[in-house]
Amino acid sequence: MKGSTHRRCYCRDPKTGKPLGKNCPKLASRKHGSYSIRQELPPRGDGTRRSFSRAGYDSLKAAQTDLDHIRSLVGLPDADDVDGLAQIAELLEKVADEKSPLPDIESTRRRLSHGLDLTSRLTVGEWLDIWLAGKKGRQSAISRDESNIRVHLQPRIGHLRMDRLRVTHLSEMFEAIAEANVEIAEGNAARRKAVEDLAQIPWKGREHRARRKAMKAAIAEMEPYRRIVGPATRQRVRSTLRAALNAAIAQQLITFNPAAHVELEAGKRPKALVWTEERILHWKRTGEMPSPVMVWTPEHTGCFLDHVAEDRLYALFHLVAFRGLRRGEACGQRWTDTRLDAGLITVAKQLVVNGWEVYEDDPKTDAGARTIALDSDTVHALKRHRAQQDKDREKWGSAWVETGRVFTCENGEPLHPANVTRRFVELHEEIGLPPVRLHDLRHGAATLAHAAGADLKDIQEMLGHSSITITADTYTSLLPEADLVIAEAAARLVPRARATSENTAPEAAPEPESAEDSNPD
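The numbering of the sequence shown is my numbering, which starts it at 2 and goes up by one.
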């Protein structure tokens, strides 16, 4: 297609005031005036002509460079690609109207090959929607990515253009999240204080009722309780963005992934701690948990299991407490994968919660598909549970829902994992045990196995961890009694010339012999 460069100036005739144009005598100098370009573009659908024009170049070389750039863009589609030629023409018309820089040739080629709109600037938010719609894998992972995008990424960086996203943008985003944590903590504290004050106001009396009404109205105006976005959550947000941008690089939409270079605080796994007497006293005085992950002592576990022995979910709690199944694995366990005569169960399925919906899925990791040996007490508990389930099946008759699950509702329907957690909390609060999560029974199972002599590899296989590092870092909190035994055994390995224990009394010195004893008859 035709294209050209030309030079002109804006000098005017001093007498008439009209532009001199090509008649300007100063045009003989190359430094006078400026250069312009004009390039024919593919015609519109109705056959009318269109072109690209731009002026103001200081040199012929600069003008020719841009003209060659435009010709390269026009040459990207094949000659018979009508849609591609029309897109390029619309793009260049928009660039000319907005007087914006010429688009990059390679970037335009990639967008054209992927069928993306050339006249729009793809934003981070638009790409995240495209990426999420095409993402495959576990529904739980997709839901987590959707939440990260909706709550954190879209509101903060969704408006930015993909090709202009920088590390500094992400650093500012995570700093803003950290600053918002302060506001969330203050809001939560204010609401908690207001609720505590409300609880102190008596119910009886007109004045008290008026105060309670005013306090309730004030609480209703406050922000609801919100969760702090901790280091581990921020790491997961970055992981979602990094995966999305890596996919954009694979499609040649961008060439650099800033999410791979932003620095964040490490999201360390919390260490599990055992509820010792000292920690229980501190919790009762202050309400503070020593760690997000707390583990019952064997006495606590035994007290809980004795209390729930007649509950219909006793066997489930017993299985989790001693063999460390995850909540979803226990709820998804099938009788076909349970061999009580052999004392073995195979973890092959789990129930996963997505929002409130529940669906069946494979175990969390490949290592999660495992076979676990059962102790005789657990086998007895499961046999007793199966007998009760048979009675329930007979009682419900045709209304019984046959799912093949070991643990079900009274009519055979699958358990909702969240309801199991709620029942667990109700039961341990009834007897005033220190708080733990249902998942912390799994931690307790690891602790008990470790105290009984199991090594880390055995515990890893029992819990179904993909890495022994996870087992070592998170689950093996030594019970105080077991720790004391190890400490004493280690101390006895070192031979000493004299006793050092405070409990060892020094030998009594021999009494001096009397004169009568030294001189017998």
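Using N, Cα and C, we set each Cβ at its ideal position, and we do this for glycine too.
* Asked: Would you report the Cα separation of E403 and R228, rounded to the nearest angstrom?
  -> In the sequence shown, the residue the question calls residue 403 occupies position 402. In the sequence shown, the residue the question calls residue 228 occupies position 227. Their backbone Cα atoms lie some 39 Å apart in a straight line.
* Asked: Under 7 Å from any heavy atom of the ligand FMN, does the C-beta of V402 make it?
  -> Ligands in the displayed structure: none, and consequently the ligand FMN is not present.
* **H115 versus P102, A142, P78, A179, residue with shortest Cα-Cα distance** => Residue 115 sits at position 114 when you count from the first residue of the sequence shown. Ranking P102, A142, P78, A179 by Cα distance to H115 puts P78 first.
* Reference A349; option with closest CA among W357, A343, T339 -> For this step, residue 349 is matched to residue 348 along the sequence shown. Measuring C-alpha to C-alpha distances from A349 to each of W357, A343, T339 identifies T339 as the nearest.
* Collapsed DSSP secondary structure at N412 in the structure displayed -> Numbered from 1 along the sequence shown, position 411 holds the residue referred to as residue 412. Per DSSP, reduced to three states, the secondary structure at N412 is coil, with no helix or strand assignment.
* **Every unbroken alpha helix (DSSP H) inside the region 241 to 270 [4 residues or more]** => none
* With which residues is D362 paired in a DSSP beta bridge? -> Along the sequence shown, one-based indexing puts residue 362 at 361. Q351, per the DSSP bridge assignment.
* To do: For E427, count neighbouring C-beta atoms within 10 Å of its own C-beta (all shown protein chains included) and say buried if the count is 16 or more, exposed if not.
  => Mapped onto the sequence shown, residue 427 falls at position 426. Burial call: exposed.
* Asked: With C-beta atoms as the reference, is I71 less than 8 Å away from L103?
  -> Against the sequence shown, residue 71 aligns to sequence position 70. Against the sequence shown, residue 103 aligns to sequence position 102. In this structure, L103 lies closer than 8 Å to I71 by Cβ.
* Limits of the unbroken alpha helix (DSSP H) element including Q334 -> As a first step, residue 334 is located in the sequence shown; it is residue number 333 there, counting from the start. Neither: Q334 is in no alpha helix (DSSP H) and is coded neither H nor E.
* Give the C-beta separation of A450 and D459 to the nearest angstrom, bearing in mind that I take them to be a contact with Cβ-Cβ under 8 Å. => Translated into positions along the sequence shown, residue 450 becomes position 449. Translated into positions along the sequence shown, residue 459 becomes position 458. The Cβ separation is near 7 Å, so the contact holds.
* Given G405 as reference, the closest of R324, D441, Q390, L21 once Cα atoms are compared -> As a first step, residue 405 is located in the sequence shown; it is residue number 404 there, counting from the start. Checking every option, the nearest Cα to that of G405 belongs to Q390.
* How many Å lie between A400 and L352 at the Cα? -> For this step, residue 400 is matched to residue 399 along the sequence shown. For this step, residue 352 is matched to residue 351 along the sequence shown. Straight-line Cα distance between these residues: approximately 23 Å.
* Count the C-beta pairs between the region 382 to 398 and the region 316 to 327 that are closer than 8 Å, then say yes if the count reaches three, no if not. => In short, these stretches touch, since the Cβ pair count reaches three.
* Asked: What three-state label does DSSP hand A498 in the structure shown?
  -> Against the sequence shown, residue 498 aligns to sequence position 497. Three-state DSSP puts A498 in coil, outside helix and strand.
* Is the number of C-beta pairs between the region 244 to 263 and the region 163 to 176 that are closer than 8 Å three or more? -> yes
* To do: Could you round the C-beta distance between L439 and T422 to whole angstroms and report it? I think they count as a contact, below 8 Å.
  => As a position in the sequence shown, residue 439 is number 438, starting the count at 1. As a position in the sequence shown, residue 422 is number 421, starting the count at 1. With a Cβ gap of about 5 Å, L439 and T422 count as contacting.
* Asked: Does DSSP put P507 in a helix, in a strand, or in coil?
  -> Within the sequence shown, the letter at position 506 stands for residue 507. Low confidence applies to P507: its pLDDT is 49, below 50, so where it sits in the model is not reliable, and the reading given next is rough at best. P507 falls in the coil class under three-state DSSP.
* Tell me, please, which residues DSSP counts as bridged to L345. => Here residue 345 is taken as the residue at index 344 of the sequence shown, counted from 1. Answer by DSSP bridge pairing, in chain order: R340, A374.
* Asked: With a CB to CB cut of under 8 Å and the five nearest residues on each side skipped, what residues in its chain are close to S1?
  -> It is not possible to answer for residue 1, since the shown part of the chain is limited to 2 through 522.
* Note down the Cα distance separating Y11 from G34, rounded to an integer number of angstroms. => For the purposes of this step, residue 11 is taken as the residue at position 10 of the sequence shown. For the purposes of this step, residue 34 is taken as the residue at position 33 of the sequence shown. Roughly 7 Å between the two C-alpha positions.
* Any 3 or more C-beta pairs closer than 8 Å across the region 354 to 373 and the region 319 to 331 -> yes
* To do: Return the residue from the list F408, T379, G413, G85 that minimises the CA-CA distance to E395.
  => Numbered from its first residue, the sequence shown carries residue 395 at position 394. The option with the nearest alpha carbon to E395 is G413.
* Please specify which runs of the alpha helix (DSSP H), each continuous and at least 4 residues long, are wholly inside the region 403 to 463, giving them in chain order. => 418 to 431, 439 to 452
* Asked: Using the C-alpha atoms, what's the distance from M295 back to E289?
  -> Taking the sequence shown and counting its residues from 1, one reaches residue 289 at position 288. Taking the sequence shown and counting its residues from 1, one reaches residue 295 at position 294. Those two C-alpha atoms are separated by around 12 Å.
* Is DSSP giving T49 helix, strand or coil here? -> Locating residue 49 in the sequence shown gives position 48, where the first residue counts as 1. Correct three-state label for T49: coil.
* To do: Could you have a look at R162 and say whether DSSP puts it in helix, strand or coil?
  => Taking the sequence shown and counting its residues from 1, the one referred to as residue 162 is at position 161. Correct three-state label for R162: strand.
* In chain order, what residues of the same chain lie with their CB nearer than 8 Å to the CB of R162, ignoring the 5 residues before and after it? -> Taking the first residue of the sequence shown as position 1, residue 162 is located at position 161. The answer, listed in chain order, is R122, L123, T124, V125.
* Mind listing, in chain order, the continuous alpha helix (DSSP H) runs of no fewer than 4 residues lying wholly within the region 78 to 162? => You should have 83 to 99, 106 to 114, 125 to 134, 140 to 149, 155 to 158.
* **Sequence-distant residues of its chain with Cβ nearer than 8 Å to R335 (five each side left out)** => The count along the sequence shown starts at 1 and reaches residue 335 at position 334. Excluding residues within five positions, the ones whose Cβ falls inside 8 Å are A349, K350, G405, R406, V407.
* Asked: Is the Cβ-Cβ distance between L74 and T6 less than 8 Å?
  -> Along the sequence shown, one-based indexing puts residue 74 at 73. Along the sequence shown, one-based indexing puts residue 6 at 5. Cβ distance not < 8 Å, so L74 and T6 don't count as in contact.
* Asked: How long is the line joining the alpha carbons of K27 and I106, rounded to whole angstroms?
  -> As a working mapping, residue 27 is identified with position 26 in the sequence shown. As a working mapping, residue 106 is identified with position 105 in the sequence shown. In a straight line, the C-alpha of K27 is about 37 Å away from that of I106.
* To do: Return the CA-CA distance between K3 and G76, expressed in angstroms with no decimal places.
  => If you number the sequence shown from 1, residue 3 lands on position 2. If you number the sequence shown from 1, residue 76 lands on position 75. When rounded, the distance between both Cα atoms is 13 Å.
* Where P203 falls, given that 16 or more other Cβ within 10 Å makes a residue buried -> Within the sequence shown, residue 203 is the residue found at index 202, counting from 1. With fewer than 16 Cβ atoms within 10 Å of its Cβ, P203 is classed as exposed.
* Asked: Using the rule of at least 16 other Cβ atoms within 10 Å of the residue's Cβ for burial, across every protein chain shown, is Y1 buried or exposed?
  -> Here the chain comprises residues numbered 2 to 522, so residue 1 is not present and cannot be evaluated.
* Asked: Hey, L199 and R210 are a contact pair by Cβ (cut 8 Å); roughly how many whole angstroms apart?
  -> Start at 1 with the first residue of the sequence shown, and residue 199 comes out as number 198. Start at 1 with the first residue of the sequence shown, and residue 210 comes out as number 209. Not quite, the Cβ-Cβ distance comes to about 12 Å (not below 8 Å), so this is no contact.
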